[in-house]
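Here the structure comes first, spelled out in C-alpha cells, and everything after it is commentary.
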Amino acid sequence: MKPEPAGVTPAVLALSRNERNRMVFQAPDPVPAGQAFDVIAVNGRTPHELPDFVGEAAFTIQATGQDRLVTGSGSITGSVVRFHEKDVDHGGKDVRVWLISPTEPPGQFTARTSQ
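Taken in order, the sequence shown gives residues 27 to 141; the numbers are from the numbering used here.
What follows is the structure, encoded as C-alpha cells:
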C-alpha cells in the first residue's frame, strides 16, 4: 500500500481525480464556437488596426448582451490575429483561441473562437 502524501487530508484523498481537477481549474464562461462578436475595445481604447491586438493584450467583446473581457496574447497570421486567451485567475492557463478580423467600415473588428 502506498503511503499518503504529506499534508493531504483524508477528505482530499477521498475525492476522485476528476473532482480534484475541477477544484483546481474551471474554464471561464463558454462562448459559442465560430460565432463572431463585435470588439468594442482593446487595452481600454478603441481599436484602429490589427497590430493593436498583437502581444500581451486585453480586448472587450459584446457577447449575449454583456461586455466580456478576453485577456491573453495575439500574433498576426495572414489577414487575422490569432489570439490565445489565458485565464489570469489560474496562473495563465490556456482557455481558447480567438481569430480577430477587420470588418467594414475600416477600424472595426470581430472576434470568433477558432474551431
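Don't be surprised by glycine CBs; every beta carbon is placed ideally from N, CA and C. These numbers come from a predicted model, not from an experiment.
Report all residues from its chain with a CB closer than 8 Å to the CB of residue i; omit the five preceding and five following residues, and keep chain order.
i, result
"V96", "A84, F85, T86, I87, F109, E111, W124 and A137"
Quick check on this structure: which residue in the options has the alpha carbon closest to the alpha carbon of residue i?
i, options, result
"P132", "T72, V121 and K119", "T72"
"G104", "L76, A89, D120 and R122", "L76"
"Q134", "R122, D55 and F63", "F63"
"R122", "P128, I102, T129 and G98", "G98"
"V68", "D78, Q61 and A59", "D78"
Mind reading off the beta-carbon distance from residue i to residue j? Whole number of angstroms is fine, and I expect it under 8 Å.
i, j, result
"D93", "I66", "7 Å"
"V107", "V80", "6 Å"
"T129", "G60", "T129 to G60, Cβ: 16 Å. No contact."
Return the chain-ordered list of same chain residues with a C-beta closer than 7 Å to the C-beta of residue i, the five sequence neighbours on each side being excluded.
i, result
"E82", "S99"
In whole angstroms, what separates the C-alpha of residue i from that of residue j?
i, j, result
"A55", "T90", "The question names Ala, but residue 55 in the sequence shown is Asp. Rounded to the nearest angstrom, the two C-alpha atoms are 11 Å apart."
"G118", "V57", "19 Å"
"D113", "H74", "25 Å"
"G70", "S101", "19 Å"
Problem - Unbroken stretches of the beta strand (DSSP E), 3 residues or longer, contained in the segment 57-107 - result: DSSP assignment within the segment 57-107 yields the following whole beta strand (DSSP E) runs of 3 residues or more, N-terminal first: 63-68, 81-89 and 92-103.
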